[in-house]
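Quick note, the sequence shown lines up with residues 223 to 616 if you use our numbering. Taking it in order: structure first as structure tokens, then the write-up.
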Amino acid sequence: MQWSAPAPGMEFDGEWFQSSMAAWPSTSLGQEDAALMPKLQLADAAEGDLESSTASLQGMEDISQEDSTSTGDSPSMPSLLFPPTPEHSPPNSPRFYCSASPANLWSEQSMEPSIAAFVPMPSLVPELDLGETQQAQVTSHSRGKFGKVPANETVMQPSAVECENALAQLSADDASKKHEAMQWVVDNTWALATSPNGCRVVQRALDIAGGPEQALLAGQLQGRVREASISPHANHVLQKCVEMLPPDRLQFILDEMKGHAVTTARHRFGCRVLERLIEHCPTWQTEGLLEEVLGGASQLCRHTFGNFVVQHVLEHGTPPQRHIVADMLHADIQRMARHRVASHVVRAALVHCAPEDRQRLVNAMRADASELADLAHHHCGSFVVREMRREMRR
């Protein structure tokens, strides 16, 4: 028996092929053709399933459109909701944010979605804790002209208008108004210090206040020194306290920073507070903090902010402290002199260290002529060589 070609206009589809194969004797099929038959039958079955699935989906879309048309609502929801949630769905699946169970959303008989059972998915962003930098517990009397709050009430940062009024009253000639404004600043020091406008008010109050009032203002920061040192606004208030108060009134600041000197030195704002302490406090008072700084000097010299603290140690520290920094630099002078940050510390050491330490650093850089020539042409090391030549001309 031979193959029957399809009639003109007749598509070469599975139906024609199946009828032709049925008419072909099974004994005449080759081994490869016999193996191909099950695959062809599976392909026909898959094609039938696809056609039935497409028809079902089209029916569901028609139902959804009819529902939206009958109710007069715009089809804001997709025509197909999520299928029943499997047990292995991840916990962040939006299917878990339905008020009804998956069985209620989908009917096994009609597979028609229940739009009324679907509720909006809640926000996945957790509620943030603003912390004490945004809110402050203040104890005060009635608000008065500047807006004091009752005792133990949590308040947000003062408004810009309140801060401007307080600045005006602090600069006024009327002593009673100035006293009233100063009392308001004392009562709301922390809330003011952590706000961009309020920190200027506290600094102004420290400028015009007497010794007892300055100590009272600084005392409001006690227990919050570390938090204030890393605050973009309160760090200025802390620096002003260090500049205005006598050293014996600042011991609580050093006590609270003990054990955190290296971390503070590496902070964008904290390094400034350490610099003010090194500048204004006697060496015996800062000795404990500087021991921590010198212990991490090798890393701080290369740090974007920590290097300024080490430079302040070279400028304001004791000769033994400068010697420790010089020894650390001498151990790796070629790399330090070429580093984009540590090269500034090397230059400071060539200015502030003892003469014998400066000479040791110069000799270490001149030991190898080729290294010195390379250093002179380096984009960072060239400034070190320039400072070294100044030292040699002294």
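Positions of the beta carbon are idealized from the N, C-alpha and C atoms, including for glycine.
In this structure, how does DSSP classify residue 416 when only helix, strand and coil are distinguished?
As a first step, residue 416 is located in the sequence shown; it is residue number 194 there, counting from the start. Coil at residue 416, not helix or strand.
What does the Cβ neighbour count give for residue 610, buried or exposed, with the cut at 16 atoms within 10 Å?
Taking the sequence shown and counting its residues from 1, one reaches residue 610 at position 388. That one is buried.
Kindly indicate which three-state DSSP category residue 381 falls into: helix, strand or coil?
What you label residue 381 is simply residue 159 of the sequence shown in a count that begins at 1. Of the three classes helix, strand and coil, the one that applies to residue 381 here is coil, per DSSP.
Enumerate in chain order the residues of its own chain whose CB-to-CB distance from residue 382 is below 7 angstroms, with the five nearest sequence positions on each side excluded.
Sequence index remark: in the sequence shown, residue 382 carries index 160 (1-based). Contacts found: 419.
Can you give me the Cβ contacts of residue 388 inside the same chain, cut-off strictly under 7 angstroms, excluding the 5 residues immediately before and after it?
Working through the sequence shown from its first residue, we reach residue 388 at position 166. 368, 403, 406, 407 and 423, listed in sequence order.
Beta-carbon separation of residue 465 and residue 498 under 8 angstroms?
In the sequence shown, residue 465 corresponds to position 243, counting from 1. In the sequence shown, residue 498 corresponds to position 276, counting from 1. Contact flag set, yes.
Which residues mark the beginning and the end of the alpha helix (DSSP H) in which residue 508 is found?
Taking the first residue of the sequence shown as position 1, residue 508 is located at position 286. That run of the alpha helix (DSSP H) goes 505 to 517.
Have a look at residue 552 and residue 589 and give me their C-alpha separation to the nearest angstrom.
Here residue 552 refers to the residue found at position 330 of the sequence shown. Here residue 589 refers to the residue found at position 367 of the sequence shown. Residue 552 and residue 589: Cα-Cα distance of roughly 12 angstroms.
Backbone secondary structure at residue 493 - three-state DSSP:
The residue labelled residue 493 in the question sits at position 271 within the sequence shown. Looking at residue 493 - three-state DSSP - the assignment turns out to be helix.
With a cut-off of 8 angstroms on the beta carbons, I'd call residue 524 and residue 563 a contact; round off their distance for me.
Taking the first residue of the sequence shown as position 1, residue 524 is located at position 302. Taking the first residue of the sequence shown as position 1, residue 563 is located at position 341. Going by Cβ atoms, the distance from residue 524 to residue 563 rounds to 5 angstroms, so yes, they are a contact pair.
Assigned secondary structure, residue 444 (DSSP; H/G/I helix, E/B strand, else coil):
As a first step, residue 444 is located in the sequence shown; it is residue number 222 there, counting from the start. Coil at residue 444, not helix or strand.
Span separating the alpha-carbon of residue 506 from that of residue 597
Taking the first residue of the sequence shown as position 1, residue 506 is located at position 284. Taking the first residue of the sequence shown as position 1, residue 597 is located at position 375. Between residue 506 and residue 597, the C-alpha separation is close to 38 angstroms.
From the DSSP output, in three-state form, read off residue 603 for me.
Mapped onto the sequence shown, residue 603 falls at position 381. Correct three-state label for residue 603: helix.
What does the alpha-carbon distance come out to for the pair residue 410 and residue 528?
Residue 410 sits at position 188 when you count from the first residue of the sequence shown. Residue 528 sits at position 306 when you count from the first residue of the sequence shown. Taking the straight line from one Cα to the other gives about 32 angstroms.
Cβ neighbour criterion (16 or more within 10 Å) applied to residue 504:
Position 282 of the sequence shown, counting from 1, holds the residue named residue 504. It counts as exposed.
Mind checking whether residue 440 and residue 421 have CB atoms under 8 angstroms apart?
What you label residue 440 is simply residue 218 of the sequence shown in a count that begins at 1. What you label residue 421 is simply residue 199 of the sequence shown in a count that begins at 1. Their beta carbons are not under 8 angstroms apart, which means residue 440 does not touch residue 421 by this criterion.
So, residue 531 versus residue 496, is the Cβ gap smaller than 8 angstroms?
Taking the first residue of the sequence shown as position 1, residue 531 is located at position 309. Taking the first residue of the sequence shown as position 1, residue 496 is located at position 274. Against a cut-off of 8 angstroms, the Cβ pair of residue 496 and residue 531 comes out as a contact.
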